[in-house]
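**Student:**
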Amino acid sequence: MRLPPIAPDDLTAEQRPLFNEMRKGVAAKYCGFVTHREDGAMLGPWNAWLHDPELGAAFWTVTQAMTRARRIPDAARQVAILVVGAHFGAAYEIYAHGAVAGAAHGMTDRQIATLAAGERPEDLDDDEAAAHDVAKALLRGGELPDPLYAQAQGRFGQAGTNELIYLVGHYCFVSMTLNGFAVPVPGGQGGRP
1 MRLPPIAPDD
11 LTAEQRPLFN
21 EMRKGVAAKY
31 CGFVTHREDG
41 AMLGPWNAWL
51 HDPELGAAFW
61 TVTQAMTRAR
71 RIPDAARQVA
81 ILVVGAHFGA
91 AYEIYAHGAV
101 AGAAHGMTDR
111 QIATLAAGER
121 PEDLDDDEAA
131 AHDVAKALLR
141 GGELPDPLYA
151 QAQGRFGQAG
161 TNELIYLVGH
171 YCFVSMTLNG
181 FAVPVPGGQG
191 GRP
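First residue of the sequence shown? That's 1 in full-length UniProt numbering, and the numbers climb one at a time after it.
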């Protein structure tokens, strides 16, 4: 870990408002995985964003907008996020969203492990399969092929297709944050807690 976690007592005046907002948002959305230390210091990408509160606040605003967007089913969102995490080898992203996919959406350990290995589980539903295929294609680079774009539009509509494309891009950024600052999985855990 290249940026040490910041305990709440050590926050600067500039960091405190962002910390409070992130802590509240993370607590409301995520459970099933470790998001902070016992002393209250945030982990994951949130710690990195606290180290640069001006930019961190902008990143948090985008994260909140992506969280509020509910145009595609959440299980399909989790598949796309896991595809991105696997592509970049972002351990915390795989750990966190594997926990969400399992606990909140009933994905099996085998499905999560297959996604984490960069493969496509054979038993995804149609929405999950579309999210998987679009994310994989975007990560290969170049223009999203017309048949996949049309498939996404057919499943999710234009607004959902927009969300899926933005989601993949956003989690590429999150993966870069995690990998650039060598953010580990808490306690050296691998996979789901």
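Beta carbons are placed, not taken as given, at the ideal position from N, Cα and C, and that holds for glycine.
Starting from the Cα of residue 77, find the closest Cα among 184, 160, 40 and give me that residue.
**Tutor:** With distances taken between Cα atoms, residue 77 lies closest to 160.
**Student:** Look at the Cβ atom of residue 131, then the Cβ atom of residue 80, and state whether they are nearer than 7 Å.
**Tutor:** Contact: yes.
**Student:** Quick one: measure Cβ to Cβ for residue 104 and residue 74, integer angstroms, because I've assumed they're closer than 8 Å.
**Tutor:** So it is a contact: roughly 7 Å between Cβ atoms.
**Student:** Using only the alpha-carbon positions, how far apart do residue 36 and residue 7 sit?
**Tutor:** Taking the straight line joining both Cα atoms gives about 10 Å.
**Student:** Tell me which residues share the same chain as residue 123 and place their Cβ nearer than 8 Å to its Cβ, disregarding the 5 neighbours each side in the sequence.
**Tutor:** Around residue 123: 111.
**Student:** Is the stretch 85-92 touching the stretch 53-64, taking contact as three or more C-beta pairs under 8 Å?
**Tutor:** No contact exists between the stretch 85-92 and the stretch 53-64.
**Student:** Opposite residue 36 in the DSSP bridges: which residues?
**Tutor:** Note: residue 36 sits in a beta bridge opposite 42.
**Student:** Counting only runs that start and end within the stretch 100-152, where is the beta strand (DSSP E) found for 3 or more residues in a row?
**Tutor:** Segments of the beta strand (DSSP E) lying fully in the stretch 100-152: there are none.
**Student:** Given 8 Å as the limit, is there contact between the stretch 64-71 and the stretch 43-55, that is, 3 or more CB pairs closer than that?
**Tutor:** The answer is no - the stretch 43-55 does not touch the stretch 64-71, with fewer than three Cβ pairs under 8 Å.
**Student:** Buried or exposed for residue 4, going by 16 or more other Cβ atoms inside 10 Å?
**Tutor:** Residue 4 comes out exposed.
**Student:** Comparing C-alpha positions only, which one of 113, 39, 171, 142 sits nearest to residue 11?
**Tutor:** Closest by alpha carbon: 39.
**Student:** Taking the Cβ atom as the reference point for each residue, do residue 94 and residue 113 lie within a distance shorter than 7 Å?
**Tutor:** No.
**Student:** Quick check on the burial criterion: 16 or more other C-beta atoms within 10 angstroms. Buried or exposed for residue 127?
**Tutor:** By the neighbour-count rule (16 or more Cβ atoms within 10 Å), residue 127 is buried.
**Student:** Between the C-alpha atoms of residue 178 and residue 51, what's the straight-line distance to the nearest angstrom?
**Tutor:** In a straight line, the C-alpha of residue 178 is about 13 Å away from that of residue 51.
**Student:** Can you tell me whether DSSP reads residue 74 as helix, strand or coil?
**Tutor:** Reduced to three states, the DSSP call for residue 74 is helix.
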